[in-house]
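Please read the structure below before turning to the comments.
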Amino acid sequence: MGPRMPHWDAPLNALLISPNREIAQAFTALGAQSQAFQVLADLKSYPPLQTLDLRLRQLKPDVVALDVATDFGAAGEIIRAAANARPPVQVVGLHTHNDPQAILSALRTGATEFLYLPLEAGTMQEAAGRIRRLRAPDPGVEPELGKVVCFASAKPGSGASTLATQTAYALRNTDGKRILLVDGDLMGGTIGFCLKLNHKHSLLDALEREEPLNPAVWSELTVNHGGVDVLPAPEVPRNQTPDPMRLHEVLAYARLMYDWVVLDLPTVFQRMSLLGVTEADEAFVVSTTELASLHLTRKAVNLLLQLGIGKEQFKILLNRTSRRDGLAGSDIEKIFNSPIFAKFPNDYFSLHRVVTLGQPLDGDSELGRAIQGLATKLAGLAPADGKKGGALMQPALSES
């Protein structure tokens with residue numbers, strides 16, 4: 064998957080790599096003037112392939128605009144790396160003059176287009192048009208969208224944030240796809256703290272941004288932690304409910320960027336959570352076996368039904384279960400008048416280690432196996448080695 068498909072006439076987002084600054088300046092200026100290319104980042108030297116891979120993942124450019132005049136050996140490695148990226152990235156070779164040998168070598172190595180000084184607006188627009196046609200999907204095929212999964216508790220402190228966070232990492236481990244974890248609790252979100260993130264931006268920045276989102280902006284808003292992109296809650300609590308249409312737009316953009324969007328929400332009775340539930344493909348209401356939590360979960364189920372959100376749109380997760388619990392699962396289901404989708408064991412020591420280190424759960428603990436089982440069920444995959452995820456399933460950070 065990739066970023067939102069650009070409008071046919073929109074500039075192509077480019078990662079520019081050019082030790083030759085004359086080439087770089089000409090491409091940047093005329094690319095903007097002609098509305099053919101928009102430079103997201105300008106690298107003044109050929110990066111190591113590991114750095115290139117990181118920048119491609121962060122920026123998700125439409126093309127790499129590459130100086131092939133300064134050092135064709137280094138440029139050739141970058142062309143091959145871009146072609147082998149997943150998804151592949153088109154490369155536009157840049158040169159100081161019309162060099163037939165360089166053109167042939169660049170195209171044979173894997174470049175899609177070749178431009179040379181002096182650049183012309185018409186030539187750049189034609190090159191961009193050809194690249195758009197290469198990137199355009201089959202008109203008869205709808206683009207595949209990622210799925211949104213949300214977690215909200217009925218009673219604060221029931222472990223919804225834990226389940227959301229650890230499910231995101233479990234999904235990442237399940238099939239290695241692109242995962243976004245969003246902390247949607249604008250007042251009391253704790254995911255950034257629990258993962259020990261160093262972040263400047265938050266979900267609030269995405270919601271309040273007036274201009275359309277793009278890959279360059281998105282890479283600034285999110286923080287990558289353990290292979291999962293995280294959009295944290297604001298450092299300073301904000302007691303406000305986002306505009307429903309703006310929340311929809313942010314999540315719609317995220318669906319284009321990721322295979323899974325895991326949304327952690329405040330208690331289900333808050334409007335932010337109700338908005339999130341209506342946006343989600345799968346919504347989970349988290350309860351514990353504590354009597355107050357059971358009582359509030361029953362109220363939450365009734366509220367969702369009264370609002371026209373059917374039982375097929377949300378599921379109950381029972382958290383921190385123990386064999387010493389006085390109530391059987393069937394008794395709890397009668398209280399909720401709704402089935403329990405999954406249970407999670409009370410594993411305090413595993414959770415304490417996770418929070419202390421700011422790391423995902425491993426799969427060796429009973430809780431880790433349970434959460435991995437939930438991720439496997441969500442992904443529609445058969446459990447590894449024919450084993451079930453566990454009869455019980457439970458949290459890993461333990462907020463909301």
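Position one of the sequence shown corresponds to residue 64 (this note's numbering), numbered consecutively onward. Beta carbons are placed, not taken as given, at the ideal position from N, Cα and C, and that holds for glycine.
Legend entry - Three or more C-beta pairs below 8 angstroms linking the segment 390–408 and the segment 356–366: yes
Legend entry - Contact the segment 301–314 vs the segment 258–278: 3+ CB pairs below 8 angstroms: Result yes; three or more Cβ-Cβ pairs closer than 8 angstroms.
Inset, instruction - Let me know if Gly265 comes out buried or exposed under the rule of 16 or more other beta-carbons within 10 Å of its beta-carbon. - result: The residue you asked about is not Gly; residue 265 is Ser in the sequence shown. It is buried - the Cβ of Ser265 has at least 16 other Cβ atoms within 10 Å.
Inset, instruction - Go ahead and pull the three-state DSSP assignment for Arg143. - result: helix
Legend entry - Beta carbon of Val26 nearer than 7 angstroms to that of Ala223: Only positions 64 to 463 of the chain appear in the structure, and residue 26 is not among them; the question remains open.
Legend entry - Buried versus exposed call for Val299 [16 or more other C-beta atoms within 10 Å across all chains shown]: Counting Cβ neighbours within 10 Å, Val299 comes out exposed, since fewer than 16 surround it.
Legend entry - contact_flag[the segment 121–139, the segment 155–163] where n(CB pairs < 8 angstroms) is 3 or more: Because the criterion of three Cβ pairs below 8 angstroms is met, the segment 121–139 and the segment 155–163 touch.
Legend entry - Reduced DSSP secondary structure (H/G/I, E/B, other) of Ala128: strand
Inset, instruction - Could you check the C-alpha separation between Leu368 and Gln376 for me, to the nearest Å? - result: Leu368 and Gln376: Cα-Cα distance of roughly 10 angstroms.
Legend entry - Secondary structure of His160, DSSP reduced to three states: coil
Legend entry - Simplified DSSP state of Lys123, which is helix, strand or coil: coil
Inset, instruction - Compute the minimum distance between the beta carbon of Ala87 and the heavy atoms of the ligand FMN, and state whether it is under 6 angstroms. - result: No copy of the ligand FMN appears in this structure; indeed no ligand is present at all.
Inset, instruction - Indicate the three-state DSSP secondary structure (helix, strand or coil) for Ile194 in the structure shown. - result: Residue state, collapsed to three classes: helix.
Legend entry - Per-residue DSSP class, three states only, for Glu375: helix
Legend entry - Arg84 versus Leu276: straight-line alpha-carbon distance, rounded: 29 angstroms
Inset, instruction - State the CB to CB distance for the pair Ala99 and Pro74, rounded to an integer number of angstroms; the pair is presumed to be in contact (CB under 8 angstroms). - result: Under the criterion of beta carbons closer than 8 angstroms, Ala99 and Pro74 qualify as touching, at roughly 6 angstroms.
Inset, instruction - Following the continuous alpha helix (DSSP H) through Pro278, name the residue where it begins and the one where it ends. - result: Counting along the chain, the alpha helix (DSSP H) containing Pro278 begins and ends at Pro278 to Leu284.
Legend entry - Exposure label - Lys263; buried when at least 16 CB within 10 Å: exposed
Inset, instruction - Could you please give the first and the last residue of the uninterrupted alpha helix (DSSP H) stretch that includes Asn236? - result: Element bounds for Asn236: Ala223 to Asp238.
Legend entry - Range covered by the alpha helix (DSSP H) that runs through Ala95: Arg84 to Ser97
Legend entry - Proximity of Leu381 and Cys213 at Cβ, strictly below 7 angstroms: no
Legend entry - Residues near Ile80 in its chain [Cβ-Cβ closer than 6 angstroms; skip 5 each side]: Excluding sequence neighbours, Ile80 sits near Leu106 and Leu129.
Legend entry - Where His358 sits in the DSSP three-state scheme: In this structure, His358 counts as helix in the three-state DSSP scheme.
Inset, instruction - Give every residue of the same chain whose Cβ lies closer than 8 angstroms to the Cβ of Gln435, excluding the five residues on either side of it in the sequence, and list them in chain order. - result: Setting aside the 5 residues that flank it on each side, Gln435 is surrounded in the same chain by Ala233, Asn236, Thr237, Gly426 and Gly452, each with a C-beta closer than 8 angstroms to its C-beta; the list follows chain order.
Legend entry - Beta-bridge pairing of Gln153 - partner residues as DSSP gives them: Val126
Inset, instruction - Spell out the partners DSSP gives Glu345 in its beta bridges. - result: Val212
Inset, instruction - Could you please give the first and the last residue of the uninterrupted alpha helix (DSSP H) stretch that includes Gln435? - result: Glu429 to Ala442
Inset, instruction - Within the same chain, show all residues whose beta-carbon is closer than 6 angstroms to that of Phe177, passing over the 5 residues directly before and after it, in chain order. - result: Gly156, Ile166 and Ala169
Inset, instruction - Answer yes or no: do Lys378 and Phe347 have a C-beta to C-beta separation smaller than 7 angstroms? - result: Closer than 7 angstroms, so yes.
Inset, instruction - For Leu75, name the three-state secondary structure that DSSP assigns. - result: strand
Inset, instruction - Let me know the secondary structure DSSP gives His288 once reduced to three states. - result: strand
Legend entry - Arg67 versus Phe90: straight-line alpha-carbon distance, rounded: Note on Arg67: pLDDT 39, under 50, position unreliable in the model; no value is reported.
Inset, instruction - Buried or exposed for Lys450, please, with buried defined as at least 16 other CB atoms from any protein chain shown within 10 angstroms of its CB. - result: Note that Lys450 scores a pLDDT of 42, beneath 50, so its modelled location is shaky and nothing firm can be said.
Legend entry - Alpha-carbon spacing of Ala145 relative to Met250, whole angstroms: Straight-line Cα distance between these residues: approximately 41 angstroms.
Legend entry - Assigned secondary structure, Val331 (DSSP; H/G/I helix, E/B strand, else coil): If DSSP states are grouped into helix, strand and coil, Val331 belongs with coil.
Inset, instruction - Assign Arg387 to buried or exposed, taking buried as 16 or more other Cβ atoms, counted over all protein chains shown, within 10 Å of its Cβ. - result: exposed
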